[in-house]
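Engineer: Under our numbering, residues 1 to 117 are what the sequence shown spells out, in order.
For each residue, glycine too, the CB sits at the ideal point set by N, CA and C.
Below are the structure tokens for one structure; questions will follow.
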Amino acid sequence: QVQLVETGGGLVQAGGSLRLSCAASGVSTIIFSVNVMGWYRQAPGKQRELVASISSPGSTNHADSVKGRFTISRDNAKKMVYLQMTNVKPDDTAVYYCNKISNKYSWGQGTQVTVSS
């Protein structure tokens, strides 16, 4: 069974930076490398939303709300997906998850990001 473990969250002041990491296990490097992966977030009382996605060749898409501030990347050999967050805002406060874009794996526990004003 595939497991996704997100780390790197924490408390950060507005304007600061964080780097989130997502480690996948229980899946081969070959299979992982062809998955389109994404970072999602869920704020209190809101639905989970897609923040950014990345294909295997490295083509990326970012939600308008984070464009220019967040950058998604991946390391297929390590089965890792990253989210570099810069110039964070209080509205970025949420639990952040990674997962496939389609045919999702079971969700991990996520990592809490709290941005103070």
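(1) Can you list, in chain order, the residues of its chain with a C-beta nearer than 8 Å to that of residue 32? Leave out the 5 residues immediately preceding and following it.
(2) Looking at the unbroken alpha helix (DSSP H) that takes in residue 33, where does it start and where does it end?
(3) Below 8 Å on the Cβ atoms is my contact criterion, and I expect residue 114 with residue 11 to pass it. Report the Cβ-Cβ distance as a whole number of Å.
(4) So what does DSSP say about residue 64, is it helix, strand or coil?
(5) Quick one: Cα of residue 3 to Cα of residue 51, how far?
(6) Do residue 56 and residue 34 have their CB atoms nearer than 8 Å?
(7) With burial defined as no fewer than 16 other Cβ atoms inside 10 Å of the residue's Cβ, what is the status of residue 36: buried or exposed?
(8) Is the Cβ-Cβ distance between residue 116 and residue 13 less than 8 Å?
(9) Using only the alpha-carbon positions, how far apart do residue 89 and residue 62 sit?
(10) Would you decide whether residue 30 is buried or exposed? Buried here means 16 or more other CB atoms lie within 10 Å of its CB.
(11) State the CB to CB distance for the pair residue 15 and residue 87, rounded to an integer number of angstroms; the pair is presumed to be in contact (CB under 8 Å).
Structural biologist: Put simply:
(1) 24, 76 and 79
(2) 29-34
(3) 5 Å
(4) coil
(5) 20 Å
(6) yes
(7) exposed
(8) yes
(9) 16 Å
(10) exposed
(11) 6 Å
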